[in-house]
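Structure, as structure tokens:
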């Protein structure tokens, strides 16, 4: 599968096509590594256009990342969230959260 | 708890309940298939879509509990697609319907694997499944880009406008348990399911419990939700949505008219997390004082989510019983009936009226128990019938035909074992009708018929048996072709042309096929004779009526049950014989024995000005013994015909436990079986339909019936019996019986 995430410091984190319970186990260490490499106080950039499948577990992982960033005082920017990600957030009652982080902003 | 790591008690529990899960899953898969087929006729029917989703959801949920990961993973994809369908994001095209049906087949395979406890599976199976998943994802994914929806603003289900009128606003709080994901559940799917019940007006995800990435176990669920649901659904329905996560989910459903005190109780039951209280404050308009009062209460040993017994009620109306336990009871009951008959006989001999009366009471009770117990085994045949929807759909498509399947009398009940064993023969007949009977639309239009062919499957009760009928409006039996083939195969002497009905019966001969090209459906010529044998093994008969150009009709007549019948006991010479009581219409007592009969004992009597064919068992079966001066005639009805049977003695009603005939007497097909009487004597049970064919035949005709053209239901029987009768070689029936 070609969904290896880039772990470079400056690189934005590209979200994979599948963000579900089937991939969270694999993504978690990758994201952690990416998180640790990021410079303190630099905003964390997520590239979210490729997401084709989400579920509760996947969104929880995103929330968890968001919380970890918040604890480190870093901002989270989610770039061009895909339609699936948007509707997933809507289905889970996370519209407001996504709007707070989406870049460009999501039309309500 | 994760089943893989479950402790021993859990494992043994899982082993015990797995069969129940398997059978339930199989039922769900059946209903999935039916729903999919129904949906083809009514695409967009939201009730059907919801039911469909529920079925898939149920399978996935319970498979998760049993740790059947393959089933969970696969169903997950199906469920996602169904969800999109339900949301109206994609349309149900015929191609999609086929895909979903194929997925259902795959699911059936997976459940079969689980039933056989197969750990490994063939590479092909896995590849086939992966291909299906890919197609599912492609279908679901392609549509997702096209349509933008916000779940929160999802329009209320257009198909259920009635709900809106009576809808009320429920407040639901749900904190999912840590194992939710591992058990194969997804809060998102659950919320979407709730959207199927009504409209979620407000929804807040409480992510406060989600730890930061470094402390997170990504497979542990920390999500909690609070929402307002506007719906006409009942509390049970709402709580039912959570039934698979109920064990480790803290759920509160607050009725629309709940009082503030109840709100406080709700807060009480929530985890000690003030933030959830805050959301409640924001959403539900609970007064801050009340909230504080509730939150400040010391945490008492509060129970987990209170279990509402009402949730279990819907499934509690059925008890699953192992079939062999039921069979054991029925066997015992058979013995009881025999013993009871013996006791009744002894009681009558003592001539003590009190004893006879007490015995009569017992007999009545035994009969009631018998009826009740046999009822337990009865299942409607409709389930079997509806399986053919898929067969008809796929087969017709494959053959390029347009066929409408009409099912009638699906509620007719039949013994379960009978239903199981009739399915295969029926399948053959249905395929045969599709393959040979019904024409392509072009052919139909050319012969002035509607382009769409019609296939009717019906069932009804008819004088103590069940009549299953398969009729089509196709081209009928092509007698010329059949005859040609029969001549080629030497089934009929060259140039001899039997009657039309006899030609039709030829298709039941072994190795007979008229299909011009052999398809993989029927036409291998192994079908119809096997069908006939299978039906006869069930003590049934099959007859065929065909009108060239108009269609064919196949009637299958089956006994209601294989175990016990109400019998009418008669005596001829020293033999005791039993007719099924349902077939007995009336009895003419003490007729003078004088009447013209042929050498096989057939003649006529006059009954209320009508001529009634009568067959004398004494002459027909060459029973030896002095002929009484006066005999009685039992009038029987079978297959729409009435006829009389001349017997010596009428011995009355008798509860008859059918025992199969021994191997030596299997060929004696006029007999349905044997039974042991109370005094230990053996009585033979008649097959009245077979006997009627004998009685109705014009005298002397049987000798001219060509070889292999005996009655459809009972080939060679007359020849067999006749042969014995003429040579006086047959033993009396009671002697035959005792050797069985």
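Residue numbers (the working numbering), protein chains in the order written: chain A, 1 to 108; chain B, 109 to 848. Backbone N, C-alpha and C define an ideal beta-carbon position, used for all residues, glycine too. Computed from a prediction, not measured in an experiment: that's the story for all the values here.
Whether residue i touches residue j by CB criterion (9 angstroms)
i	j	result
residue 723/B	residue 792/B	no
residue 349/B	residue 331/B	no
residue 37/A	residue 12/A	no
residue 615/B	residue 766/B	no
residue 681/B	residue 726/B	yes
residue 761/B	residue 675/B	yes
residue 101/A	residue 61/A	no
residue 160/B	residue 176/B	no
residue 306/B	residue 353/B	no
residue 74/A	residue 320/B	no
residue 103/A	residue 80/A	yes
residue 570/B	residue 497/B	no
Proximity test, Cβ basis, 9 angstroms: residue i and chain A
i	result
residue 350/B	no
residue 335/B	yes
residue 315/B	yes
residue 567/B	no
residue 188/B	yes
residue 360/B	no
residue 326/B	yes
residue 493/B	no
residue 289/B	yes
residue 263/B	With a pLDDT of 38 at residue 263/B, under the threshold of 50, the modelled position of that residue is not reliable, and no figure is offered here.
residue 124/B	no
Residue-level contact to chain B via CB, residue i, 9 angstroms cutoff
i	result
residue 101/A	no
residue 52/A	yes
residue 88/A	yes
residue 15/A	no
residue 45/A	no
residue 73/A	no
residue 60/A	yes
residue 92/A	yes
Assigned secondary structure, residue i (DSSP; H/G/I helix, E/B strand, else coil)
i	result
residue 781/B	strand
residue 280/B	strand
residue 388/B	Legend: pLDDT at residue 388/B = 43, less than 50; position of this residue unreliable, value from coordinates given subsequently. Residue state, collapsed to three classes: helix.
residue 746/B	strand
residue 698/B	strand
residue 795/B	coil
residue 121/B	helix
residue 176/B	coil
residue 358/B	strand
residue 643/B	helix
residue 767/B	strand
residue 684/B	strand
residue 521/B	strand
residue 18/A	strand
Residue i classed as buried or exposed, judged by whether at least 16 other C-beta atoms fall within 10 angstroms
i	result
residue 568/B	exposed
residue 687/B	buried
residue 121/B	exposed
residue 15/A	buried
residue 729/B	buried
residue 787/B	exposed
residue 782/B	buried
residue 127/B	exposed
residue 427/B	exposed
Proximal residues to residue i (C-beta, below 7 angstroms), its chain only, five neighbours per side dropped
i	result
residue 237/B	182, 214
residue 809/B	Any answer about residue 809/B is weak, because its pLDDT of 43 lies below 50 and its placement is not dependable; what the coordinates show is given next. Around residue 809/B: no qualifying Cβ.
residue 693/B	743, 744, 745, 750
residue 240/B	210, 211, 214
residue 441/B	477, 478, 481
residue 590/B	611, 614, 615, 622
residue 507/B	542, 543
residue 608/B	587
Beta-carbon proximity list for residue i, same chain, < 6 angstroms, skipping 5 on both sides
i	result
residue 19/A	51, 54, 58
residue 485/B	523, 524
residue 186/B	164, 211
residue 148/B	205
residue 494/B	142
Other residues of its chain near residue i: CB distance less than 8 angstroms, five sequence neighbours each side excluded
i	result
residue 180/B	168, 171, 172, 292
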